[in-house]
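S.K.:
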Amino acid sequence: MSLWLFRRFIFQKKILTEPTTLFSLFGIALGVAFLVVSMAGFSGFSNTLKRSIIDVSGDIVIYKRGGRISNPEPLVQKMKSVSNQIEYILPYVQLETLIANKGQLSAVFLQGVDSKNADKVLNLKKRIVKELPPGQEGIGQPAHLGTVVAKQLKLNVGDSFKGILPRVSKTSATQINPKVENFYVKSIMDFGKYEFNERIVITEKSTVQALAGIDDQINGFRLKLKSSDRAEIEADKIQDAIGWDYVVRDWSKTNRSLFKAIQYEKRVLFFVMLIMVVAAFFNVSTTLFLGVLRKYAQVSVLRALGLKKWQVILLFCLNGFALGVIGLTVGIALGLLFCWGFENLQKVYPIMPEEVYKLSTFMTDLKFMDIVWVIVATLVICFVSSLAPAFRGANLSPVEGLKYE
Amino acid sequence: MSSVILSTKCVTKAYDMNGSRLEVLKGIDLDIRQGEAVCIMGVSGAGKSTLLHILGTLDQPTLGKVYYRGEDLTRKTDDQLASFRNRKMGFVFQFHHLLPELTALENVALAARIGGTSKVEAEKMALELLDQLGLKKRQSHYPSELSGGERQRVAIARALIQKPEILFADEPSGNLDSENGKVIQDLFFELKEKMGLTLVVVTHDQEFANRFPKLYRLKNGVFI
Chain W
2 MSLWLFRRFI
12 FQKKILTEPT
22 TLFSLFGIAL
32 GVAFLVVSMA
42 GFSGFSNTLK
52 RSIIDVSGDI
62 VIYKRGGRIS
72 NPEPLVQKMK
82 SVSNQIEYIL
92 PYVQLETLIA
102 NKGQLSAVFL
112 QGVDSKNADK
122 VLNLKKRIVK
132 ELPPGQEGIG
142 QPAHLGTVVA
152 KQLKLNVGDS
162 FKGILPRVSK
172 TSATQINPKV
182 ENFYVKSIMD
192 FGKYEFNERI
202 VITEKSTVQA
212 LAGIDDQING
222 FRLKLKSSDR
232 AEIEADKIQD
242 AIGWDYVVRD
252 WSKTNRSLFK
262 AIQYEKRVLF
272 FVMLIMVVAA
282 FFNVSTTLFL
292 GVLRKYAQVS
302 VLRALGLKKW
312 QVILLFCLNG
322 FALGVIGLTV
332 GIALGLLFCW
342 GFENLQKVYP
352 IMPEEVYKLS
362 TFMTDLKFMD
372 IVWVIVATLV
382 ICFVSSLAPA
392 FRGANLSPVE
402 GLKYE
Chain E
5 MSSVILSTKC
15 VTKAYDMNGS
25 RLEVLKGIDL
35 DIRQGEAVCI
45 MGVSGAGKST
55 LLHILGTLDQ
65 PTLGKVYYRG
75 EDLTRKTDDQ
85 LASFRNRKMG
95 FVFQFHHLLP
105 ELTALENVAL
115 AARIGGTSKV
125 EAEKMALELL
135 DQLGLKKRQS
145 HYPSELSGGE
155 RQRVAIARAL
165 IQKPEILFAD
175 EPSGNLDSEN
185 GKVIQDLFFE
195 LKEKMGLTLV
205 VVTHDQEFAN
215 RFPKLYRLKN
225 GVFI
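Taken in order, these protein sequences are the chains called W and E. Under our numbering, the first residue of the first sequence carries the number 2, and numbering increases by one thereafter. Under our numbering, the first residue of the second sequence carries the number 5, and numbering increases by one thereafter.
1) Would you give the residue range spanned by the alpha helix (DSSP H) that residue 57 of chain E belongs to?
2) List, in chain order, every chain W residue whose beta-carbon is nearer than 7 Å to that of residue 57 of chain E.
3) Please look up how many angstroms separate the CB atoms of residue 195 of chain W and residue 141 of chain W, rounded, as I've assumed it's under 8 Å.
4) Would you kindly check if the distance between the Cβ of residue 142 of chain E and the Cβ of residue 154 of chain E is under 9 Å?
5) Using the beta-carbon of each residue, which ones in chain E are nearer than 8 Å to residue 310 of chain W?
6) Run through chain W and tell me which residues come within less than 8 Å of residue 123 of chain E, C-beta to C-beta.
7) What residues in its chain sit with their C-beta under 7 Å from that of residue 315 of chain W, if we drop five residues either side in the sequence?
8) Distance cutoff 9 Å, beta carbons only. Does residue 54 of chain E sit that close to anything in chain W?
9) For residue 305 of chain W, go through chain E and note every residue whose CB falls closer than 7 Å to its CB, in chain order.
10) How far does the alpha helix (DSSP H) with residue 82 of chain W in it reach, from first residue to last?
11) Give me the subset of the stretch 95-109 of chain E whose CB atoms are less than 7 Å from a CB atom of chain W, sorted by chain position.
12) Does DSSP classify residue 195 of chain E as helix, strand or coil?
13) Which partner residues of residue 221 of chain E appear in the DSSP bridge assignment?
14) On a Cα-Cα basis, can you pick out the residue from E/177, E/194, E/223 and E/198 that is closest to residue 211 of chain E?
15) Quick one: Cα of residue 317 of chain W to Cα of residue 20 of chain W, how far?
16) Strictly under 9 Å for the Cβ-Cβ distance: is residue 115 of chain E near chain W by that measure?
17) Would the beta-carbon of residue 44 of chain W fall within 9 Å of that of residue 267 of chain W?
18) Where does residue 111 of chain W sit, in a helix, a strand or coil, going by DSSP?
19) So with Cβ pairs under 9 Å, would you call residue 278 of chain W a contact of chain E?
20) Let me confirm a value: residue 257 of chain W is counted as buried when at least 16 other C-beta atoms fall within 10 Å, else exposed. Which label applies?
21) Check whether the stretch 175-193 of chain E and the stretch 205-224 of chain E touch, using three or more Cβ-Cβ pairs below 8 Å as the test.
22) Helix, strand or coil: which one does DSSP assign to residue 349 of chain W?
23) Verify the CB distance criterion: does residue 118 of chain E have a CB-CB separation below 9 Å to chain W?
24) Exposed or buried, what is residue 265 of chain W when buried is set at 16 or more other beta-carbons lying within 10 Å of its beta-carbon?
25) Given this structure, state the Cα-to-Cα distance separating residue 296 of chain W from residue 342 of chain W, to the nearest angstrom.
26) Please classify residue 1 of chain W: does DSSP put it in a helix, a strand, or coil?
27) Give me, in chain order, the residues of the same chain whose beta-carbon lies closer than 7 Å to that of residue 163 of chain E; leave out the 5 immediate sequence neighbours on both sides.
28) Beta strand (DSSP E) containing residue 230 of chain E: first to last residue?
29) Just grab the DSSP bridge partners of residue 160 of chain E for me.
30) Quick one: is residue 1 of chain W near chain E, going by C-beta distance under 9 Å?
31) What separation, rounded to the nearest whole angstrom, lies between the Cα atoms of residue 174 of chain E and residue 327 of chain W?
32) Only counting runs of 4 or more residues, tell me where the alpha helix (DSSP H) segments fall wholly within the stretch 228-253 of chain W, in order along the chain.
33) Which residue marks the beginning of the alpha helix (DSSP H) containing residue 284 of chain W, and which one marks its end?
34) Check whether the Cβ atoms of residue 32 of chain E and residue 55 of chain E lie closer than 9 Å to each other.
35) Go ahead and pull the three-state DSSP assignment for residue 53 of chain W.
36) Here's the rule I'm using: 16 or more other beta-carbon atoms within 10 Å means buried, otherwise exposed. How should residue 105 of chain W be labelled?
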């Protein structure tokens with residue numbers, strides 16, 4: 002009965018065209034939209050950062066403290082025996098070198114991986130900004146450069162540059178015998194993070210090993226897991242199995258403080274934005290109060306006909322709830338639209354200084370649980386803000402309402 | 005002689021007006037018997053509407069008691085009184101107070117639906133009543149599409165749908181022209197006879213009041 006009465010008596014189409022209702026709805030929708038955007042923004046930032054780390058470094062990185070690994074097989078067996086989550090283990094070599102082009106020098110990490118198997122762990126193809134067409138080659142060894150280092154050295158795809166490894170002479174401590182290797186730019190990649198783009202050059206594992214003169218030795222492994230979310234647990238297992246001569250670092254430990262900060266900031270911002278929604282619901286309260294006063298005579302008649310106080314409370318709470326649901330729906334839609342707009346806008350206008358935020362662009366990512374929290378919080382506020390007008394309506398004296406037409 | 009259905013004992017109603025006490029009713033004793041037609045008359049401000057509201061449990065007396073068949077109504081909670089009104093009492097006011105958003109049929113069915121009757125059953129009962137009052141063709145009209153007399157007849161039908169024992173009317177013809185007013189007045193007596201109602205009417209219309217076998221005159225909060 003209450004639902005029927007609510008639909009026929011309180012919540013009519015014309016109520017939605019009244020300016021007070023429209024302003025209330027606009028307020029809620031805007032508050033909810035900002036809440037959605039902020040949640041999606043933080044999740045997106047965190048996710049983009051996570052993806053760039055995983056794409057370039059794998060789910061877990063393992064390397065030997067102060068040395069190289071010359072016999073990797075027993076280690077690989079140990080890792081596989083303790084973790085059934087491992088999909089692939091990719092050995093890598095890393096060398097700090099200089100690269101030079103037309104008088105410009107830059108210090109980089111020259112990383113060597115087996116290009117045939119790299120895709121099983123890393124997701125480099127997705128990160129290519131520019132590459133040489135298939136079949137075309139330059140002079141020397143193929144290399145993949147980050148966007149920043151390519152820009153600093155004014156290198157384009159197909160261009161040649163030199164990799165220089167300064168080595169102290171075995172006969173004289175003051176004499177340096179640099180070892181030089183020729184490379185060409187096979188592709189330019191956006192590794193996601195500014196420091197990756199500034200410092201990483203990827204090439205064949207054998208090339209780096211030859212340049213360093215380390216035969217078959219490797220620095221460590223990059224691991225691909227079945228689920229990236231289990232990286233921390235699996236990293237702990239592997240660490241226990243292979244011992245403390247090795248550093249085992251999962252993606253979440255890289256930039257751990259930043260990930261934690263994002264998590265806390267997201268929570269804080271949720272409550273800050275929620276205050277906006279609370280403020281918007283003051284308008285709903287006012288609209289409901291107006292509705293109660295406007296329908297005073299009719300509510301008095303309903304009371305005279307036997308409608309109980311709790312039924313009057315229910316009628317006006319339902320009204321607040323309906324306004325809340327409409328505001329919420331419009332707000333979420335508006336929020337998604339803002340997210341879409343933000344993603345597209347940053348493609349045209351870079352709005353984030355990448356030196357500060359480590360990322361130049363990020364995708365928004367609205368998580369299911371975030372939406373659930375937005376809905377729950379908004380509906381709770383909506384319910385609470387409806388209570389005062391609803392109780393006012395129920396406690397009005399029917400006698401007063403019946404006096405006037 | 006039929007039994008007393010509604011009675012008041014020493015009912016007083018007072019308001020605080022900026023620190024001074026205004027007594028609208030001063031110790032009213034009244035017995036209304038089942039099937040009686042009672043009229044309460046008085047000039048504006050005499051307290052007749054206040055008395056009707058107290059009799060109809062829409063208002064509480066400041067002092068005194070109201071009894072329904074010997075049961076003290078002033079001890080009941082708000083929700084108990086709401087159910088009681090729904091089952092036992094019908095109200096017709098000076099202004100029709102129909103819900104503008106509902107059709108004539110829905111307005112009439114309202115009390116039955118509040119009382120828990122299903123939509124289909126309530127509307128069937130409402131249609132029968134509208135038919136009796138000559139408004140069957142107006143069932144799907146909204147109050148704004150009805151004349152003053154028709155609205156008041158719909159309001160009477162709404163008051164009768166739960167087959168109340170007591171029908172209260174506060175200046176039921178006060179807002180109508182004399183011709184329509186007369187029609188409404190006749191209708192009250194006709195329905196009283198047909199449905200065996202106890203009728204309690206408040207009016208300042210002497211001609212209407214004279215038609216009642218029992219007439220109370222209220223002046224300055226007391227019967228004269």
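Backbone N, C-alpha and C fix where the C-beta goes; we use that ideal spot for every residue, glycine too.
M.R.: The structure says:
1) 52-59
2) 400
3) Their Cβ separation, rounded to whole angstroms, is 27 Å, which puts residue 195 of chain W and residue 141 of chain W out of contact at 8 Å.
4) yes
5) 82, 83 and 86
6) 5
7) 3
8) yes
9) 62, 89 and 95
10) 74-83
11) 95, 97, 99, 101, 103, 105 and 106
12) helix
13) E/45
14) E/177
15) 19 Å
16) yes
17) yes
18) strand
19) no
20) exposed
21) yes
22) helix
23) yes
24) exposed
25) 42 Å
26) The first residue shown for chain W is 2 and the last is 406, placing residue 1 of chain W beyond what the model contains.
27) 94, 95, 96 and 171
28) Past the edges of chain E, shown from 5 to 228, lies residue 230 of chain E, and the structure says nothing about it.
29) DSSP lists no partner for residue 160 of chain E.
30) With chain W running from 2 to 406 in the structure shown, residue 1 of chain W is simply not present.
31) 42 Å
32) 232-243
33) 257-295
34) yes
35) helix
36) exposed
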